[in-house]
């Protein structure tokens, strides 16, 4: 039985700026559908909101900060706005570091900000692309909240980048899974109580059941926030 009925709500059309990477975007869509089914008992095609997905092909988003990327992101935002989306989300942490440079005419749910709302008081490790780590987006905002963080070493970051690129290429290797879990274990040794999976490719390889350390799955966090905003809205966005 549904937890509640969607009939009492005005459902907002979802705009997903995806393609970074494509498989993470597909998984994000799948998780949104699963949440609507679980929380609201959606069973028929007409039970769901309009969902617009723009699969935006970007050059080397994992490894570059090319200014042309910002122009491409803006075009994606504009297209989603034009087709009828009522708010926009993007399941990509690397691109998320650039969104402050864009002109949004619609509410935008930030994957970084939604994740930060979930972070506990302990020390938190951060996994992500080199761009996400170098931007300081997570560690700076955590510091502003009075919370501490731990970053990968240069050697660990090199390994993480290779693993992310493998996942983007459809290669989910057991050896890569073991490597990521080893890095997470090393975070524990540095006093971390939890780890942010700050790249939406990583939840395609590992999940909470693989670690006894708390994992913040940014893909899942944004999916849940997306459904909540679609159904209930949020005056703070």
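Residue numbers (the numbering used here): 8 to 244. Every residue gets a Cβ at the ideal spot worked out from N, C-alpha and C, and that includes glycine.
Does the beta-carbon of residue i have 16 or more other beta-carbons within 10 angstroms, so that it is buried, or is it exposed?
i           : result
residue 142 : buried
residue 25  : buried
residue 180 : exposed
residue 210 : buried
residue 28  : buried
residue 177 : exposed
residue 155 : exposed
residue 124 : exposed
residue 238 : buried
residue 90  : exposed
residue 122 : buried
residue 92  : buried
residue 202 : buried
residue 17  : exposed
Give me the residue from the options with the minimum Cα distance to residue i.
i           : options            : result
residue 224 : 169, 185, 102, 204 : 204
residue 114 : 88, 157, 170, 172  : 88
residue 13  : 56, 82, 156        : 56
residue 76  : 84, 65, 86, 85     : 65
residue 245 : 78, 232, 152       : Residue coverage of the chain in this structure runs from 8 to 244, which leaves residue 245 outside it and unanswerable.
residue 32  : 150, 58, 52        : 58
residue 158 : 94, 182, 195       : 195
residue 112 : 99, 121, 95        : 95
residue 20  : 54, 144, 46        : 54
residue 1   : 164, 170, 118      : In the structure as shown, the chain begins at 8 and stops at 244. Residue 1 is therefore absent and cannot be evaluated.
residue 193 : 22, 134, 46        : 134
Within a Cβ cutoff of 8 Å, which residues of the same chain sit near residue i, ignoring the five residues on either side of it in sequence?
i           : result
residue 217 : 184, 188
residue 44  : 50
residue 199 : 129, 130, 131, 132, 157, 220
residue 116 : 94, 95, 96, 229, 232, 233, 236, 244
residue 214 : 222, 224
From the DSSP output, in three-state form, read off residue i for me.
i           : result
residue 143 : coil
residue 117 : coil
residue 172 : helix
residue 18  : coil
residue 218 : coil
residue 213 : coil
residue 196 : helix
residue 13  : helix
residue 157 : strand
residue 133 : strand
residue 103 : helix
residue 203 : strand
residue 126 : coil
residue 152 : coil
residue 110 : coil
residue 229 : helix
residue 224 : strand
residue 188 : helix
Looking only at its own chain, which residues have a Cβ that is under 7 Å from the Cβ of residue i, when we skip the five neighbours before and after it?
i           : result
residue 110 : 81
residue 230 : 35, 38, 39, 42
residue 174 : 208, 211, 212
residue 197 : 157
Take residue i and list the residues in its own chain whose beta-carbon comes closer than 6 Å to its own, dropping the five residues that flank it on each side.
i           : result
residue 83  : 24, 61, 63
residue 86  : 61
residue 148 : 123
residue 146 : 156
residue 144 : 104, 119
residue 206 : 100, 135, 136, 171
inquiry  = Give the list of continuous alpha helix (DSSP H) stretches no shorter than 4 residues that lie fully inside the region 30-96.
reply    = The region 30-96 contains these whole alpha helix (DSSP H) runs: 74-90.
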